[in-house]
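Colleague: What follows is a single structure, and I will ask about it in a moment.
Numbering (this note's numbering), first residue to last: 163 to 765.
Written out as structure tokens, the structure reads:
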């Protein structure tokens, strides 16, 4: 019985949402396995509903399948009911398109967007009958590589991967596939292939580096041990966004997914320099997609997918130089099609009434503003460069065009935060309610105050900062709950324990691999999901591994400490990050970044 027949008879009839595991969605691609030289599986290690909406997956799927000698098929984490059936029936994890076992592919590419999916990575490997550790995999197994936001500090999972792509992957993906195709025909070994790949910017092979520790448990040295590996791995990035081969026919899923909309990326990078934001630093410099490329592409997407919403995305969409022109042209086009336009990343200090009007012409919708901190003092410390006056003016603007709900994003636990900063969150929310009262006829339905907990990330000015303890987080949440008691205010906050463990893994080193493996064997999976995260098993994994997690979470690092990601370059110099950290301690702000300023090291 073939694998496909086993799935049809023993799995699909008995699982919830079988469409998660089938294929033939609109615009999915099916290539002939037998006549294709290089086969790649690509995985977002979460449920289909989460992974299929990922733009990177869609882009790489399109790029690789555009090559006549290569194919790419998708793999997602099976839901618990499906996983149980696979294990009970001894059926390996499979790709959606051809129902081939993951172990049959030449590569398994895994996108890593959050640290809380690391145990899912191990689950995918185990279900695929692939050993966890790179050192235990010979040439008969697929080459395992990762990329995405977490690759800027991949050290906690470095031992599980053969290599990582550091930075933007559109160009390097083609080089990886073509290099492998050439060397495979010459019967080169995996080691020889990795030696060839590591010569490219953006390719990091963990086994080509050794890490040493001192008696205090701090890193004393990170050294390359292969002559082809450089002292530092320099990230790769795309200089001209108009040259990116975006899919005009992205996959339209059968089931409802998160971010169920057509997506147009209009810009990469961010000029703002918020000191907590990893993406803002690792994606520098700012690069815009031309308006002449954005408009026709957006129209193609709507025509080819049938989505009822079109989203223009970037780290700060209102900073896009042609945003007003794009909004006017697209709302005019979308109006007749009853398709709404959304911009999920708008800043309060450059939100024009014209833009607000365009976004509400087709469908009244809520707006999101991210003050991040309640007080001006703390906004200056994090370099938010956003005044209370600008926040209230933005709220007045969106209320005046008919918006009836607003969502506010804040963080708790930021460096140098005091209780007064927490009280100021409640004060700002009440001031927004007062703004509504000044607009004749305006009816405020609700304000949603959404609070996350500060997680220090690598390659940011706050990479040296300590996280506050769980008890301190709960104390501050209690204060804020009392401050936000109002019939028009909904208070939501992230899961405390998952935030702390995200922080542990975000700045972890290679010693955490055994903790992740232990946590997985204790049953930890889908850790990003509140209902699945198991705090007790994670703490047990640390205890049984002999590691104190507070060493990674609650310890402030010295500016001269060798950090686990010291050998990985985002383009921004460590000196610049240290200068920004020192400025934050003095409450000093930094102007928005301009091209060719030479300050941070990117330009």
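Each residue gets a CB set at the ideal place from its N, CA and C atoms; glycine is no exception.
#1: Give the straight-line distance between the Cα atoms of residue 384 and residue 723, rounded to the nearest whole angstrom.
#2: Please go through the same chain and pick out, in chain order, the residues whose beta-carbon is closer than 7 Å to the beta-carbon of residue 351, but skip the five residues on each side of it.
#3: Entirely within the segment 579-640 and at least 3 residues each: give me those beta strand (DSSP E) ranges in chain order.
#4: Taking the continuous alpha helix (DSSP H) assigned at residue 341, which residues delimit it?
#5: Around the C-beta of residue 849, are 16 or more other C-beta atoms found within 10 angstroms, so that it is buried, or is it exposed?
#6: Counting pairs of Cβ atoms below 8 Å between the segment 700-712 and the segment 343-350, do you hit three or more?
#7: In this structure, does DSSP put residue 183 in helix, strand or coil?
#8: What number of angstroms, rounded off, separates the C-alpha of residue 561 from the C-alpha of residue 601?
#9: Apply the 10 Å Cβ neighbour rule to residue 657 and answer buried if 16 or more other Cβ atoms are within range, or exposed otherwise.
#10: Which residues mark the beginning and the end of the beta strand (DSSP E) in which residue 108 is found?
#11: Are residue 432 and residue 477 closer than 7 Å when you measure CB to CB?
#12: Suppose the cutoff is 6 Å on Cβ atoms and the five residues either side in sequence are ignored; what does the same chain contact list for residue 553 look like?
#13: If you compare alpha carbons, which of 730, 714, 755 and 546 is closest to residue 371?
#14: Just to confirm before moving on: does the CB-CB distance between residue 424 and residue 463 stay below 7 Å?
#15: Using the three-state DSSP reduction, which class does residue 270 fall into: helix, strand or coil?
#16: Three or more C-beta pairs closer than 8 Å, one from the segment 171-179 and one from the segment 238-249: is that the case here?
#17: How should residue 759 be labelled, buried or exposed, when 16 other C-beta atoms within 10 angstroms of its C-beta is the threshold for buried?
#18: Can you tell me whether residue 264 is buried or exposed? The criterion is at least 16 other CB atoms within 10 Å of its CB, across all chains shown.
#19: Measure the beta-carbon distance from residue 624 to residue 575 and round it to whole angstroms, keeping in mind my assumption that it falls under 8 Å.
#20: Within 10 Å of its beta-carbon, does residue 524 have 16 or more other beta-carbons around it, so buried, or fewer, so exposed?
#21: Please look up how many angstroms separate the CB atoms of residue 403 and residue 450, rounded, as I've assumed it's under 8 Å.
#22: Going along the chain, which unbroken runs of the alpha helix (DSSP H) with 4 or more residues stay wholly within the segment 245-299?
#23: Keeping to the same chain, check which residues put their C-beta closer than 6 Å to that of residue 607; ignore five residues upstream and five downstream.
#24: Please tell me whether residue 306 and residue 324 are closer than 7 Å, where the distance is taken between their beta carbons.
#25: Along the chain, where does the beta strand (DSSP E) containing residue 386 start, and where does it finish?
#26: Could you spell out the range, first to last residue, of the beta strand (DSSP E) harbouring residue 236?
#27: Buried or exposed: which applies to residue 489, given that a residue is buried once 16 or more other Cβ atoms fall within 10 Å of its Cβ?
#28: Suppose you measure from the CA of residue 584 to the CA of residue 613; what does that come to, to the nearest Å?
#29: Straight-line CA distance for residue 446 to residue 365?
#30: Please report the Cβ distance between residue 492 and residue 457, rounded to the nearest whole angstrom; I am assuming they are in contact, meaning their Cβ atoms lie under 8 Å.
#31: Should residue 781 and residue 286 be called a contact, given that it needs their Cβ atoms to be closer than 7 Å?
#32: Are the segment 408-415 and the segment 744-757 touching by the rule of at least three beta carbon pairs closer than 8 Å?
#33: Can you give me the start and stop residues for the beta strand (DSSP E) that residue 533 sits inside?
#34: Less than 6 Å between C-beta atoms, sequence neighbours within five positions excluded: which residues of the same chain meet that for residue 597?
#35: In this structure, does DSSP put residue 172 in helix, strand or coil?
#36: Here's the rule: buried if 16 or more other CB atoms are within 10 angstroms of the residue's CB, otherwise exposed. What is residue 182?
Modeller: The structure says:
#1: As a first step, residue 384 must be located in the chain shown, where it is residue number 222. As a first step, residue 723 must be located in the chain shown, where it is residue number 561. Using only the alpha carbons, I get a separation of about 12 Å.
#2: Locating residue 351 in the chain shown gives position 189, counting from the first residue. Cβ within range, chain order: 301.
#3: 608-615
#4: As a working note, residue 341 is residue 179 in the chain shown. Here the alpha helix (DSSP H) through residue 341 covers 332-347.
#5: The chain is shown only over 163 to 765; residue 849 falls outside these bounds and no answer can be derived.
#6: no
#7: Counting from 1 along the chain shown, the entry for residue 183 is found at position 21. Coil at residue 183, not helix or strand.
#8: The sequence position of residue 561 within the chain shown is 399, counting from 1. The sequence position of residue 601 within the chain shown is 439, counting from 1. One C-alpha to the other measures close to 8 Å.
#9: Counting from one through the chain shown, the residue named residue 657 turns up at place 495. Under this definition residue 657 is a buried residue.
#10: As displayed, the chain neither begins before 163 nor continues past 765, which places residue 108 out of reach and without an answer.
#11: Along the chain shown, one-based indexing puts residue 432 at 270. Along the chain shown, one-based indexing puts residue 477 at 315. It is a contact, given that the beta carbons lie within the stated cut-off.
#12: Locating residue 553 in the chain shown gives position 391, counting from the first residue. Correct list, in chain order: 510 and 533.
#13: For the purposes of this step, residue 371 is taken as residue 209 along the chain shown, with counting starting at 1. For the residues 730, 714, 755 and 546, the minimum Cα distance to residue 371 belongs to 730.
#14: As a first step, residue 424 is located in the chain shown; it is residue number 262 there, counting from the start. As a first step, residue 463 is located in the chain shown; it is residue number 301 there, counting from the start. Yes, they are a contact pair.
#15: Taking the first residue of the chain shown as 1, we reach residue 270 at position 108. Strand at residue 270.
#16: yes
#17: Reading the chain shown from its first residue, position 597 is the one you call residue 759. Exposed.
#18: For the purposes of this step, residue 264 is taken as residue 102 along the chain shown, with counting starting at 1. Under this definition residue 264 is a buried residue.
#19: Numbered from its first residue, the chain shown carries residue 624 at position 462. Numbered from its first residue, the chain shown carries residue 575 at position 413. So it is not a contact: roughly 11 Å between Cβ atoms.
#20: Translated into positions along the chain shown, residue 524 becomes position 362. Note on residue 524: pLDDT 48, under 50, position unreliable in the model; no value is reported.
#21: Along the chain shown, read from residue 1 onward, the residue named residue 403 stands at position 241. Along the chain shown, read from residue 1 onward, the residue named residue 450 stands at position 288. Confirmed, Cβ separation roughly 7 Å.
#22: 280-289
#23: To locate residue 607, count along the chain shown from 1; it is residue 445. Around residue 607: 566 and 567.
#24: Position 144 of the chain shown, counted from the first residue, corresponds to residue 306. Position 162 of the chain shown, counted from the first residue, corresponds to residue 324. A contact, by the Cβ cut-off of 7 Å.
#25: Along the chain shown, read from residue 1 onward, the residue named residue 386 stands at position 224. 381-386 is the extent of the beta strand (DSSP E) around residue 386.
#26: What you label residue 236 is simply residue 74 of the chain shown in a count that begins at 1. Per DSSP, residue 236 belongs to the beta strand (DSSP E) from 232-238.
#27: As a first step, residue 489 must be located in the chain shown, where it is residue number 327. When all chains shown are included, residue 489 counts as buried.
#28: The residue labelled residue 584 in the question sits at position 422 within the chain shown. The residue labelled residue 613 in the question sits at position 451 within the chain shown. Near 11 Å, if we compare the C-alpha coordinates of residue 613 and residue 584.
#29: Taking the first residue of the chain shown as 1, we reach residue 446 at position 284. Taking the first residue of the chain shown as 1, we reach residue 365 at position 203. The straight-line gap from Cα to Cα measures roughly 18 Å.
#30: For the purposes of this step, residue 492 is taken as residue 330 along the chain shown, with counting starting at 1. For the purposes of this step, residue 457 is taken as residue 295 along the chain shown, with counting starting at 1. Yes, they are in contact, since the Cβ atoms of residue 492 and residue 457 sit about 7 Å apart, within 8 Å.
#31: Because residue 781 is not part of the residues shown, which for the chain are 163 to 765, the question remains open.
#32: no
#33: Here residue 533 refers to the residue found at position 371 when the chain shown is read from its first residue. Looking at the DSSP string, the run of the beta strand (DSSP E) that includes residue 533 is 529-534.
#34: On the chain shown, residue 597 is found 435 positions in, with the first residue counted as 1. Excluding positions up to five away in sequence, the list reads 554, 557 and 558.
#35: Walking along the chain shown from the start, residue 172 turns up at place 10. Note: residue 172 maps to helix in three-state DSSP.
#36: On the chain shown, residue 182 is found 20 positions in, with the first residue counted as 1. Residue 182 is buried by the Cβ-count criterion.
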